[in-house]
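Visitor: In the UniProt record's numbering, the protein residues as written are 1 to 247. By construction, the Cβ of each residue, glycine as well, lies at the ideal position given by its N, Cα and C atoms. None of these values were measured; they are calculated from a predicted model. Sharing a structure below in structure tokens format, with a few things to ask.
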Amino acid sequence: MAGTGTGTGVRGARRRNTAGGRSGLTPERIVEGCIALLDEHGPDALTFRRIGGHLGVDPTALYRHFRDKDELVLAVADRLHGRVLDDFEPSDHWRATLQDMLTRNRLVYLAHPEAAVLSVARTTRRAAEMAGVEIILGALAEAGFPPDEAVKYYRVLVDFVLSWCGLEAAYLTLSQEARSGDENAWSREYAGAPADRYPHIAAAAPFLPTVTEEGNFALALELLLDSVELRAQRYAATIGEQRATAE
Numbered sequence: 001m002a003g004t005g006t007g008t009g010v011r012g013a014r015r016r017n018t019a020g021g022r023s024g025l026t027p028e029r030i031v032e033g034c035i036a037l038l039d040e041h042g043p044d045a046l047t048f049r050r051i052g053g054h055l056g057v058d059p060t061a062l063y064r065h066f067r068d069k070d071e072l073v074l075a076v077a078d079r080l081h082g083r084v085l086d087d088f089e090p091s092d093h094w095r096a097t098l099q100d101m102l103t104r105n106r107l108v109y110l111a112h113p114e115a116a117v118l119s120v121a122r123t124t125r126r127a128a129e130m131a132g133v134e135i136i137l138g139a140l141a142e143a144g145f146p147p148d149e150a151v152k153y154y155r156v157l158v159d160f161v162l163s164w165c166g167l168e169a170a171y172l173t174l175s176q177e178a179r180s181g182d183e184n185a186w187s188r189e190y191a192g193a194p195a196d197r198y199p200h201i202a203a204a205a206p207f208l209p210t211v212t213e214e215g216n217f218a219l220a221l222e223l224l225l226d227s228v229e230l231r232a233q234r235y236a237a238t239i240g241e242q243r244a245t246a247e
């Protein structure tokens, strides 16, 4: 029985490997499979064995495209950047371009929280990420910033969005019980906070449960873009004064 089982396993592996070759295993197909696995099973599922089983190929076939798991994680991260850019068109105004693109980042990351948590801190050095960086720097150049200033605001905006989205995504990976406890805290524990000890919490208690993540993100992004726009105006005024003085 042991010998028969081993033979069947070998033949099965060969069939999977052959099928993988015929089905056209590509980096894109592997990455999409990884995102699907992460969506359903979380980061523990991201092994070459599990990925191969999900795609119906021998796990060794994956090494033709990715040398290790870290390279695969970077590819997943870049695919998320790519989804942000799917059907994206820059606006006629730099601020609208930034607002749309950064909001899309949040939507993509919340759609795939497990993949987001795994990859949000990484710099992919790949095409989709570079395309996004180019768009943001271009919008900041349109706002009037030279490259040495634009890079600072680029980092502020992107680090804000990735940090925010990473936090929200991490929250979505918690159990339903944990999330319910946290969400109900505003209308339960905080609503019952004694006014003599926490007067400001007591005054704000009726309103704390009304704050939404979507609304809060929109407000935070608006505050950031307001600041960038104000600084762009100040920069333009300073340059104008310098030119006038030089003349």
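For Ala-143, which residues from the same chain have a beta carbon less than 6 Å from its beta carbon, with the 5 sequence-adjacent residues on both sides left out?
Guide: Same-chain partners within the cutoff: Trp-94, Ala-232.
Visitor: Are the beta-carbon atoms of Arg-83 and Val-108 separated by less than 8 Å?
Guide: Yes.
Visitor: How is Thr-8 classed by DSSP in three states: helix, strand or coil?
Guide: Low confidence applies to Thr-8: its pLDDT is 43, below 50, so where it sits in the model is not reliable, and the reading given next is rough at best. Of the three classes helix, strand and coil, the one that applies to Thr-8 here is helix, per DSSP.
Visitor: Return yes when the Cβ of His-112 is within less than 8 Å of the Cβ of Asp-39, no when it is not.
Guide: Taking 8 Å as the Cβ cut-off, Asp-39 and His-112 qualify as a contacting pair.
Visitor: Since I believe Leu-55 is in contact with Leu-25 (beta carbons under 8 Å), could you give me their beta-carbon distance rounded to a whole number of angstroms?
Guide: Sure, about 7 Å apart at Cβ, within 8 Å.
Visitor: Tell me which residue opens and which closes the alpha helix (DSSP H) that Arg-106 is part of.
Guide: Unbroken alpha helix (DSSP H) run through Arg-106: 94-111.
Visitor: Can you list, in chain order, the stretches of the alpha helix (DSSP H) that have 4 or more residues and sit fully within the segment 147-226?
Guide: Listed in chain order, they are 147-172, 176-185, 199-204.
Visitor: Classify Arg-64: buried if its beta carbon has 16 or more other beta carbons within 10 angstroms, exposed otherwise.
Guide: Arg-64 comes out exposed.
Visitor: Only counting runs of 4 or more residues, tell me where the alpha helix (DSSP H) segments fall wholly within the UniProt domain "HTH tetR-type" (24-84), in order along the chain.
Guide: Within the UniProt domain "HTH tetR-type" (24-84), the complete alpha helix (DSSP H) runs of at least 4 residues are 27-41, 48-55.
Visitor: Measure the C-alpha to C-alpha separation of Pro-147 and Ala-141 and round it to an integer number of angstroms.
Guide: Looking at the two C-alpha atoms, the distance is approximately 7 Å.
Visitor: Count the other CB atoms within 10 Å of the CB of Gly-12; is the residue buried (16 or more) or exposed (fewer)?
Guide: Here Gly-12 scores only 47 on pLDDT, less than 50, and its place in the model is too uncertain to base an answer on.
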